[in-house]
Amino acid sequence: MAESKPASGHKSKNIFAMPKRLLNRVLVYIGLFGIVFQLTAALYALWHGVPLQSFWFFMLLAPLLCVASGMLPALQLQREPD
1019 MAESKPASGH KSKNIFAMPK RLLNRVLVYI GLFGIVFQLT AALYALWHGV PLQSFWFFML
1079 LAPLLCVASG MLPALQLQRE PD
């Protein structure tokens, strides 16, 4: 069978690929650590019966911004090589 090839000459880029530059990769790791830490702290508080504030999920915005600024090309601090 014949293989189908894309009509255009350029490669499709995966927007959610792990960045190659050190600073961008560190931002992704810090953000992932922050998300895991916040969720673990929330589960620990619920386990011990400590009531959470109604807007506790806003604490996830900072780690999510770190992940986004490391992975999304428009927000990256260092431009990724092509």
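In our numbering, the protein residues as written are 1019 to 1100. Note that the Cβ used here is the ideal one computed from N, Cα and C, for glycine as well.
#1: Report the rounded CA-to-CA distance for A1092 versus M1077, giving the unit in angstroms.
#2: Could you check what DSSP says for Q1056 in three-state terms: helix, strand or coil?
#3: Buried or exposed for L1045, please, with buried defined as at least 16 other CB atoms from any protein chain shown within 10 angstroms of its CB.
#4: Tell me where the alpha helix (DSSP H) around V1085 begins and ends.
#5: Using only the alpha-carbon positions, how far apart do C1084 and G1067 sit?
#6: Can you give me the C-alpha to C-alpha distance between Q1056 and D1100, rounded to a whole angstrom?
#7: Within 10 Å of its beta-carbon, does P1081 have 16 or more other beta-carbons around it, so buried, or fewer, so exposed?
#8: Hey, would you say G1049 sits closer than 9 Å to A1086, going by beta carbons?
According to the data block:
#1: 23 Å
#2: In the structure shown, Q1056 sits in a helix (DSSP, three-state: H, G or I).
#3: buried
#4: Here the alpha helix (DSSP H) through V1085 covers L1079 to M1089.
#5: CA-CA distance, C1084 to G1067, rounds to 30 Å.
#6: Spanning the two alpha carbons is a distance of roughly 34 Å.
#7: buried
#8: Closer than 9 Å, so yes.
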